[in-house]
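One structure is given below, encoded as structure tokens.
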Amino acid sequence: MEKQTSWMDRYSRQILLPEIGGIGQKKLGKSSVGLVGANSISQPFFLYGVGAGVGKWGLLDPSLSSANNLAFQAKSRNPNIEVRVYSPKNLKEDIESWVKQWSIVIDASNNHVIQQKLTSACQLTRTPIISAGCDGSTGWILQAPCPFCLTSTPPLHSTKNQKNWVENMVPGLIGSILAQHAILFLLKPPKIASPQLTNFTADTYTLLNKIPYKDPNCPTCHITS
Ligand SMILES: [Zn+2]
211 MEKQTSWMDR YSRQILLPEI GGIGQKKLGK SSVGLVGANS ISQPFFLYGV GAGVGKWGLL
271 DPSLSSANNL AFQAKSRNPN IEVRVYSPKN LKEDIESWVK QWSIVIDASN NHVIQQKLTS
331 ACQLTRTPII SAGCDGSTGW ILQAPCPFCL TSTPPLHSTK NQKNWVENMV PGLIGSILAQ
391 HAILFLLKPP KIASPQLTNF TADTYTLLNK IPYKDPNCPT CHITS
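Numbering (this note's numbering), first residue to last: 211 to 435.
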């Protein structure tokens with residue numbers, strides 16, 4: 211009984227929202243997210259997602275101390291959630307098994323090679339994926355890209371980190387938009403997630419939705435379009 215009251219107290223504001231309600235809140239509690247990257251994009255994303263009541267999390271980062279630190283912050287914010295920390299060494303051979311256990315995979319690695327590997331594994335296992343990254347004053351969120359097109363897409367971010375326009379402002383904003391995006395996805399998962407690219411430019415405060423890059427020679431897109 212006490213646990214029920216605590217659940218109601220914790221999420222009462224969200225439950226009052228028509229987009230969520232009690233059913234949506236329970237759905238979030240049963241949802242799980244595989245989050246790749248413990249950095250300034252994933253931090254706001256993770257903390258908003260944890261606060262919203264997404265029940266189960268897998269946090270993957272080469273730096274176990276950064277991942278553990280983020281997991282600790284999350285558990286202090288919401289002790290009812292479950293967080294497990296993973297090292298990339300554990301899934302070199304079996305990335306498909308890792309991705310398919312989650313309701314959605316969020317790739318905040320900001321790394322083109324990791325993005326391609328995760329996207330291919332997610333397509334093979336039919337796991338939804340959203341990637342996000344930043345470079346200087348620009349940031350992007352990419353939903354359900356075609357993995358074949360992605361291999362021929364120029365990286366959406368440079369391999370060397372530029373100094374941010376205002377340090378951590380752009381990644382913080384991208385992480386917050388990503389949280390909104392992912393929570394709506396978990397509440398109402400589409401039968402087929404259509405590819406979508408959202409670009410943010412801090413210089414002009416512009417947020418644009420675009421169709422992701424399509425390789426004119428891509429066998430998959432050529433057949434399906
Ligand atoms: Zn394609």
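No residue lacks a Cβ here, since even glycine has one placed at the ideal position from N, Cα and C.
Fair warning: this is a prediction, and the values are worked out from it, not measured in the lab.
Subject >> Unbroken beta strand (DSSP E) run spanning residue 407, endpoints >> reply: Looking at the DSSP string, the run of the beta strand (DSSP E) that includes residue 407 is 406-411.
Original post:
Is residue 329 near ligand 1, with its Cβ less than 7 Å from a heavy atom?
Top reply: no
Original post:
Among the residues of its own chain, which have a CB less than 6 Å from the CB of residue 425, if the five just before and after it don't count?
Top reply: Listed in chain order, the non-local C-beta contacts of residue 425 below 6 Å within the same chain comprise 359 and 362, local neighbours out to five positions each way being set aside.
Original post:
Is it buried or exposed for residue 282, if we count other Cβ within 10 angstroms and need 16 for buried?
Top reply: exposed
Original post:
Where the beta carbon is closer than 6 Å to any heavy atom of ligand 1, which residues qualify, in chain order?
Top reply: 356, 358, 359, 424, 425, 428, 430 and 431
Original post:
Which partner residues does residue 308 have in the DSSP bridge list?
Top reply: For residue 308, which the question treats as bridged, DSSP gives no partner whatsoever.
**OP:** Please look up how many angstroms separate the CB atoms of residue 319 and residue 246, rounded, as I've assumed it's under 8 Å.
**Re:** 5 Å
Subject >> Span separating the alpha-carbon of residue 411 from that of residue 300 >> reply: 36 Å
Subject >> Start and end residues, beta strand (DSSP E) containing residue 296 >> reply: 292-296
Original post:
Taking DSSP as the reference, what is the three-state secondary structure of residue 425?
Top reply: Of the three classes helix, strand and coil, the one that applies to residue 425 here is coil, per DSSP.
**OP:** Run the CB neighbour count on residue 311, radius 10 Å, all protein chains shown included, and call it buried at 16 or more, exposed below.
**Re:** Burial state of residue 311 is exposed, judged by a 10 Å Cβ sphere holding fewer than 16 other Cβ atoms.
Original post:
Quick one: Cα of residue 335 to Cα of residue 329, how far?
Top reply: 10 Å
Original post:
Nearest CA to the CA of residue 416: which residue from 290, 232 and 380?
Top reply: 380
Subject >> Contact set for residue 284: own chain, Cβ-Cβ below 8 Å, skip 5 residues either direction >> reply: 256, 257, 260, 267, 291 and 293
Subject >> Local conformation of residue 323 per DSSP, three classes >> reply: helix
Original post:
According to DSSP, is residue 219 helix, strand or coil?
Top reply: helix
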